[in-house]
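J.: My questions all concern the structure below.
Residue numbers (UniProt numbering): 1 to 988.
Written as structure tokens, this is what we have:
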């Protein structure tokens, strides 16, 4: 034990060398018998220094997940049953641990062990803790409540039916006890509030707060149907009394206790939220008291003095969740009577409480009070404008008041639009005149009203003539340059963005662009500039966007946005503006050419400056992808910069690749597809690809393989000679772990090899690869085994397997024979029997061949037909045995691809196309890759060979190879219908 104590002492050292050596020693001892029990003995000894005891319990806590389930005999480092029992007993005896840091860790450790051992090995843990909560020692009581809470919380997370049943059984046994304790403790606090000192109050409220948290977990997870429990109903009814009582206590309290009372009030509300979320049908009985409580505190003068922000947020969320709850909307489809009755009851309750007068009151209060910018908002605006905009975008409605009020307002608009819409129209009319620049109240009020009109834009389509309002009023407000009017300018720009897709005529688009130009000027307020930039993006993104009309304003808008990008200091702001610029570039294409050089130059500078901001770098790479697509043919692109960015993004040895890889791969693909030759830089860059194929996530496999294909088509011979062997090796390494979809993608690469350079590709695909899964074999054997074993329902895989086999057979019968020999060894059959079975499978599976992305029309089936026809003269007895089946399949293929015009047989034009994926942007020009694909397709040998003529030549050759009697027997083996159909194409 002394050695372990000393190692723990050194592990808490400030000397990094001593610390690392101690950690290594402890890691080595981790699997030693008795190590974890020794840790328990150390932290149980209060004579040892606190930091050593704390570290001992942390190590034991971390070891529970690894070693607690097994005994020391089964897994090195595990505890024996006797040691486990001693630990469990020791934990219960350590509940009065005086050191808070250690007590906290003890509580978590106890819960972790309880999750594994309760109820079988440790049934007494819950009763012991509940018994401890009845102690007269407030300190010991608190320790028991906290440990019980951690145990209850972790047990409630178990989801297996047996564990759920055990938890519900336990909840039924202790619920009334905990409820009674909570009620007594809270009543004691209420009754003695005036006589207790602050320490006693804090201790008491700490205990019944823990009680409340335990009750919340038990209520939500401990009952199959809470409505059947009288205790649960009693508890929920008490919540409303407690909320009112403790809000009153908070109002009359001062000092640090105010924060504690606020925390308790929030937790009371959280119980109601949990019940609404988990048992909405059961909660119907509590809709009325919940709404009454929320409306009283949030929307009446009498309740307002008791409010504090977080409690207000909880009230608003409760109202919003009740309004939007799907369970409270009567179903139009057949449902159980109970469910529909609950929905109907909920609707009636909402209608009775949300009278028109109440709805109007709530609406007015939301807009005229909660929507108003506060002095804190204005201070944040002035001190950090970019941070203010970022915060507005990031704020969550669950935790921030402003977005919370907006979500409630929107829910009410959807539910009570017929009542609220006239109120909004009236507010617009009342606030129509220009506010005096010195009248800050009028400015803030107008800002709040405009905010409401923006949020309700889709619901107000028929109520407000926005085009008229825009041209006659809003544009004028944008021209007022007083500093206070920045609030109005920003809100009007924001409002236009919300309405642009709702009701803005084509005639007013020019006015919109013109009105945004002054708002983007460098001397304008930064918040206004950023808002205007976003409005431009929304206008450009709209369905009614007209690129020709926009081009008149492109030069000034793009210049001002580019300047804004430079002026922004924060990462979030730069990302926002860069997104706008990229989006505009995507919509107008090469029209941004005048700005191309300066933009790329700045992006290069920004890339170097943003080494600590991966999200900004993602935005930069995304912008480069768009620029690459637009200016692919430009000779002035800074290729070295583009390649260095790709190299950085796709290097898996750099931690940043986790964030940058997807965008980096998009850029890589765009570069290869748009270049005209394979230069040294691109070839050197490919060194990043093999690790990506073998080590990166399979979610990136498709685009990686598309990049490989783009390289192959760009410079077939050069690429295959330099990189081909490594690519085949990498693909073989991952092939066994891929699902069918991934296998098909790999097979497309192999097929592409064979299409662009059959001779060199055949060499690569027949090289025996390093041992994988205990075997060493060429890549092609995987293909032949695939035909042999593949299920007929795996259509895409069959298509690719047979396509590759067909190409091999047409190019080299020697390689085909070699692969069949390896296949016979794999299946442990003779070569003749293997060939016979292989051909049978081929002839059956060829009917499953589909039109694949890498081929067009009926090219797949014709390719198989050509390969099968080539076998007829192979002088193989096995092939001759299959002669009638082969003829039938070839005839079926001919029926698919041949048409007769003017007594002439014409094959449907077939061509092969390499897959060319559409990225997340559109291009107004063909890429170099597209042109190369077209050239590859036009040079396709399939176009130059006519299947029925080749069939005829092979039959003629077969006739000369065999004696007349054998040839006659072959013809007689063909069924009459096949013979009749085949005779339309060939002469036997």
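We treat Cβ as the ideally placed atom computed from N, Cα and C, and that holds for glycine.
Please state the DSSP three-state secondary structure of residue 900.
T.: Residue state, collapsed to three classes: strand.
J.: Grab me the residues of residue 335's own chain with a C-beta within less than 6 Å of its C-beta, minus the 5 sequence neighbours each way, in chain order.
T.: Per-residue confidence for residue 335 stands at a pLDDT of 49, beneath the threshold of 50, marking its modelled position as unreliable; no derived number is given.
J.: Which whole-angstrom value describes the C-beta separation of residue 105 and residue 58, a residue pair presumed to lie in contact below a C-beta threshold of 8 Å?
T.: Confirmed, about 6 Å.
J.: Report the option in 154, 391, 137, 139 whose CA atom is closest to the CA atom of residue 989.
T.: The displayed coordinates of the chain run from 1 to 988. Any statement about residue 989 would go beyond what the structure contains.
J.: Does the separation of the CB atoms of residue 466 and residue 503 fall below 8 Å?
T.: For residue 466 and residue 503, yes; Cβs fall inside 8 Å.
J.: Checking 8 Å against the spacing of the C-beta atoms, do residue 366 and residue 405 come in under that value?
T.: In this structure, residue 405 lies closer than 8 Å to residue 366 by Cβ.
J.: Specify, as a first and last residue, the run of the alpha helix (DSSP H) that residue 572 falls within.
T.: First-last of the alpha helix (DSSP H) with residue 572: 571-588.
J.: Go ahead and pull the three-state DSSP assignment for residue 905.
T.: Three-state DSSP puts residue 905 in a strand.
J.: List the endpoints of the continuous alpha helix (DSSP H) containing residue 778.
T.: Element bounds for residue 778: n/a, residue is neither H nor E.
J.: Going by C-alpha distance, which of 195, 184, 189, 124 is nearest residue 173?
T.: Taking only the C-alpha atoms, the option nearest residue 173 is 124.
J.: Count Cβ pairs between the segment 476-495 and the segment 394-402 that sit closer than 8 Å; are there 3 or more?
T.: Touching, no.
J.: Any idea if residue 237 is buried or exposed, counting beta-carbon neighbours within 10 angstroms, 16 or more meaning buried?
T.: Counting Cβ neighbours within 10 Å, residue 237 comes out exposed, since fewer than 16 surround it.
J.: Which word fits residue 582, buried or exposed, when buried means at least 16 other C-beta atoms lie within 10 angstroms of its C-beta?
T.: So residue 582 ends up on the buried side.
J.: Can you list, in chain order, the residues of its chain whose CB lies under 8 Å from that of residue 428, leaving out five sequence neighbours each side?
T.: 449, 453, 464, 469, listed in sequence order.
J.: At least one CB of chain B closer than 8 Å to the CB of residue 376: is that the case?
T.: The chain inventory of the structure shown lacks chain B, comprising one protein chain alone.
J.: So what's residue 480 in DSSP terms, helix, strand or just coil?
T.: DSSP places residue 480 in coil when its eight states are reduced to three.
J.: I'd like the list of long-range same chain contacts for residue 701, defined as Cβ closer than 7 Å, with 5 residues on each side in sequence excluded.
T.: If we look at residue 701 and ignore the five residues flanking it on each side, its Cβ neighbours are 742, 745.
J.: Using CA coordinates, which residue listed in 102, 711, 619 is at the minimum distance from residue 55?
T.: Answer by Cα proximity: 102.
J.: In chain order, what are the residue ranges of uninterrupted alpha helix (DSSP H) at least 4 long that sit wholly in the segment 374-443?
T.: The qualifying runs are 375-383, 385-394, 401-430.
J.: Using DSSP with H/G/I as helix, E/B as strand and the rest coil, what is residue 491?
T.: Three-state DSSP puts residue 491 in a helix.
J.: Of all the options 739, 752, 85, 539, which has the alpha carbon lying nearest to the alpha carbon of residue 706?
T.: Checking every option, the nearest Cα to that of residue 706 belongs to 752.
J.: Do you know offhand how far residue 789's Cα is from residue 674's?
T.: Looking at the two C-alpha atoms, the distance is approximately 40 Å.
J.: What residues in its chain sit with their C-beta under 7 Å from that of residue 810, if we drop five residues either side in the sequence?
T.: Taken in chain order, the residues that qualify are 866, 867, 870.
J.: Ordered along the chain, which non-local residues of its own chain (more than five positions away) have a Cβ less than 7 Å from that of residue 734?
T.: Excluding positions up to five away in sequence, the list reads 693, 694.
J.: With a threshold of 7 Å on Cβ separation, who are the neighbours of residue 312 within its own chain once the five nearest residues in sequence on each side are excluded?
T.: Cβ neighbours of residue 312 beyond the five flanking positions: 298, 401.
J.: Pick out the complete alpha helix (DSSP H) segments inside the segment 90-132, 4 residues or longer, and give them in chain order.
T.: As far as the segment 90-132 is concerned, its whole alpha helix (DSSP H) runs of at least 4 residues are 100-117, 125-132.
J.: Name the two residues that bound the continuous alpha helix (DSSP H) containing residue 327.
T.: Where residue 327 is concerned, there is no enclosing alpha helix (DSSP H), given that its DSSP letter is neither H nor E.
J.: Who are the Cβ neighbours of residue 497 in its own chain at under 7 Å, not counting the five residues just before and after it?
T.: So the list reads 534, 535, 538, once near-sequence residues are dropped.
J.: Pull up the distance between the alpha-carbon of residue 565 and that of residue 456, whole angstroms please.
T.: Straight-line Cα distance between these residues: approximately 31 Å.
J.: List in chain order: all unbroken alpha helix (DSSP H) runs of 4+ residues lying wholly within the segment 499-558.
T.: Whole alpha helix (DSSP H) segments, 4+ residues: 509-519, 526-541.
J.: Residue 151: buried (16+ other C-beta within 10 angstroms of its C-beta) or exposed?
T.: The residue in question, residue 151, is buried, as its Cβ has 16 or more Cβ neighbours within 10 Å.
J.: Among 660, 655, 641, 640, which one has its Cα closest to the Cα of residue 649?
T.: Here the closest residue by C-alpha is 660.
J.: Between residue 914 and residue 803, what straight-line distance do the alpha-carbon atoms span, to the nearest angstrom?
T.: Note that residue 914 scores a pLDDT of 47, beneath 50, so its modelled location is shaky; the value from the coordinates is reported in the next line. Going by the C-alpha atoms only, they are around 14 Å apart.
J.: Assuming residue 588 and residue 547 make a contact with CB atoms under 8 Å, what is their CB distance in whole Å?
T.: At roughly 6 Å, the Cβ-Cβ gap stays under 8 Å, so residue 588 and residue 547 are in contact.
J.: Please return the same chain residues whose Cβ sits closer than 7 Å to the Cβ of residue 1007, not counting the five positions on each side in sequence.
T.: The chain is shown from 1 up to 988; residue 1007 falls before or after that span and cannot be answered.
J.: At a cut of 8 Å, does the segment 372-389 reach the segment 549-563 through at least three beta carbon pairs?
T.: Taking 8 Å as the limit for Cβ pairs, the verdict is that the segment 549-563 does not touch the segment 372-389.
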